[in-house]
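Under my numbering, the first residue of the sequence shown is numbered 1, with each subsequent residue one higher.
Before any comments, here is the structure.
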Amino acid sequence: MESNNFAAYRLAAYVEDGYIDIHEPVLREAALKCVLDLLGAAAAGIDSYVSRGAQELVKGQFGPGQCAIWFKGESTSLAGAILANSTTASVLDLDDGHRAARGHPGAAVIPAALAAAESIGAGADAFLGSVVAGYEVAVRAAAASAPARMGYGYGSGRWTGYGVVAALGRLFKLPADQICQAFAIAGVQSPNLTANGSAGYSDLMGNDVKEAIPWSAVTACAAIELARHGLSGPADILDHLPHYNRDVVLRDLGATHAIKGIYFKPYSSCRYVHPALAGFELVVQESKLAAEEIQAVRIYTFQWALDIDNRTDPRNLTEVQYSIPYCIALSALAGSACMLPITEAVLGRQDVVEFAKKVQLVLDPQLEARCPGETLARVVVEGRGQTFESPVTPPRGEATNPMSWGDLVDKFCTATAAVLPEVRQRSLVNAVEGLGSGDISPLLDVLQQPLSAG
């Protein structure tokens, strides 16, 4: 196969000079929604010990620079900003996702693209175009892979690096041959995640590495620099079945936009929790059952939802994020709003633990057959001597029933209420809207300001 026909090269050619009409209204709004939602997830997670740990690592090991560590009033190098901000954006599991990818492109692509735009003085349109390109490549790489058949994990860090290479390659105006080599280098060096995640061999899913999105993004940033200096990787990395399906990588390239298919989360938990939550909320709303009246809950759903940790007594926030029973119990006893975001306050509640023990998870073959294209649940609740049942229910925020701009503003304000005063919330929302009008400077200014600023 000629080198310019490798799938990685074809993607690189798209990144270099593929036409992206960032002024097309639906596409522009899709990109702006992703930016606002990701910044809300980051602000909500800024004070977590995971975020603080990454920030200290960056300050000690990644050196000075002009790229903001968001909401801290400090700056660092490009790679350092990517690591710090990607960690903060993904820590609460509140970040966006894509059904075909089975994971989260935004927490890698947006921190990388924004830091790179800041480092070179790129404008709003160049930044937004790089975000579109990054999502496109990341989702294609993810959808084309078959990790289970090869014995490694599904985690987003396996493929988010491709999206970061695309975003940075477009912003830096690199030639296709360099972008191709950066894809190859980043792909080889990405985390394989054989231990972590629902398909991993470790029994300790609730750890802070999660899907390794931040380190994947940093590796991709390094791959860009290595390719710039002439280093190469296996440029045919995306051309070998069963590792990657080349046809899926390249299908309709340039004619579709993956970013239009993004889903947004109403709560900070694994997406596989969300259909069960949505179904349970429907039953409670219609039956008017109080928590103390509920005797049993059965969740009929797909296998991947059964494969997450699902502890009834989670010891940390990550284990809460990966527990359908505990999140159902929180919804029953405290209301689902307490999961926007999940905080330390939900841990160690014996009443929640006891309710979680009432929740049974059951594989539904019909719902399994509709996965991964749809992630669904059917919820049966017993109480008052009666049985109440939800219809087959999707999670809220799917691309087929998307959150509006107003919905995402409301989510942003709720999720960040504990860390941003109302005036700062409005400033950030206005700055993202300004980005849509072609001005990136207000957004960069807001992100440079520490939380303590007025």
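We put the beta carbon where it would ideally sit given N, CA and C, even for glycine.
These numbers were taken from a predicted model, which means no experiment stands behind them.
- Following the DSSP letters along the chain, one finds Gly383 inside the beta strand (DSSP E) bounded by residues Ala377 to Gly383.
- Counting the other CB atoms within 10 Å of its CB gives Ala84 a total of 16 or more, which places it among the buried residues.
- Sequence-distant Cβ neighbours of Glu136 in its own chain, meaning closer than 6 Å and more than five residues away, are Ala258.
- Contact between His274 and Arg396 holds: CB atoms are separated by about 7 Å, below the 8 Å threshold.
- Leu376 and Val132 have their C-alpha atoms spaced approximately 28 Å apart.
- Its Cα nearest to that of Gly163, the residue Ala223 stands out among Ala223, Leu193 and Asp177.
- Rounded to whole angstroms, the Cβ separation of Val297 and Gln360 is 7 Å, and the two are in contact under 8 Å.
- Closest option to Ser202, judged by alpha-carbon separation, among Ala141, Asp309, Arg102 and Glu292: Asp309.
- Taking C-alpha positions only, Glu225 is separated from Leu168 by approximately 10 Å.
- Between Leu128 and Arg158, the C-beta gap is not smaller than 8 Å, which leaves the two residues out of contact.
- The criterion of a C-beta distance shorter than 8 Å is satisfied by Arg102 and Pro372.
- Using a C-beta cut-off of 8 Å, the stretch 173–181 makes no contact with the stretch 278–295, since fewer than three inter-stretch Cβ pairs fall below that distance.
- Nearest to Ala124 by C-alpha distance, out of Gln448, Gln449, Ala431 and Leu451, is Ala431.
- Looking at the DSSP output, Ser145 shares a beta bridge with Tyr244.
- Put simply, the backbone Cα of Tyr154 is about 25 Å away from that of Asp313.
- The beta carbon of Asp47 sits closer than 7 Å to those of Val419, all from its chain and outside the five residues before and after it, given in chain order.
- For Cys327, the enclosing alpha helix (DSSP H) stretches over residues Ile324 to Ala334.
- In this structure, the straight-line span from the alpha carbon of Asn245 to that of Val353 is close to 43 Å.
- For Leu114, the enclosing alpha helix (DSSP H) stretches over residues Gly106 to Ile120.
- Comparing C-alpha distances from Glu16 to each of Leu171, Asn5, Ala142 and Glu319 shows the shortest one belongs to Leu171.
- Residue state for Val209 is assigned as coil, using DSSP reduced to three classes.
- Between the stretch 225–236 and the stretch 88–98, the count of C-beta pairs closer than 8 Å stays below three; the two stretches do not touch.
- Taken in chain order, the unbroken stretches of alpha helix (DSSP H) that lie wholly in the stretch 153–179 and span 4 residues or more are 160–171.
- In this structure the stretch 317–336 does not touch the stretch 409–424; the number of beta carbon pairs closer than 8 Å is below three.
- DSSP, read as helix, strand or coil, puts His229 in coil.
- Following the DSSP letters along the chain, one finds Ser75 inside the beta strand (DSSP E) bounded by residues Glu74 to Thr76.
- Taking Glu211 as the centre and dropping the five residues before and after it, the same chain places the C-beta of Gly155, Ser156 and Gly157 closer than 6 Å to its C-beta, in chain order.
- Its Cα nearest to that of Asp37, the residue Val409 stands out among Ser452, Val409 and Leu451.
- Secondary-structure assignment with DSSP links Arg298 through a beta bridge to Gln360 and Val380.
- Listed in chain order, the beta strand (DSSP E) elements of length 3 or more contained wholly in the stretch 30–72 are 67–69.
- Checking the DSSP bridge columns, you'll see Gln386 partnered with Gly383.
- Judged by DSSP in its simplified three-state form, Tyr263 adopts strand.
- For Ala7, the enclosing alpha helix (DSSP H) begins and ends at Ala7 to Asp17.
- His98 has Gly103 and Ile262 as its beta-bridge partners, per DSSP.
- Pairwise C-beta distances place the stretch 249–258 out of contact with the stretch 337–349, as fewer than three of them are shorter than 8 Å.
- Thr393 is bridged by DSSP to Ala377.
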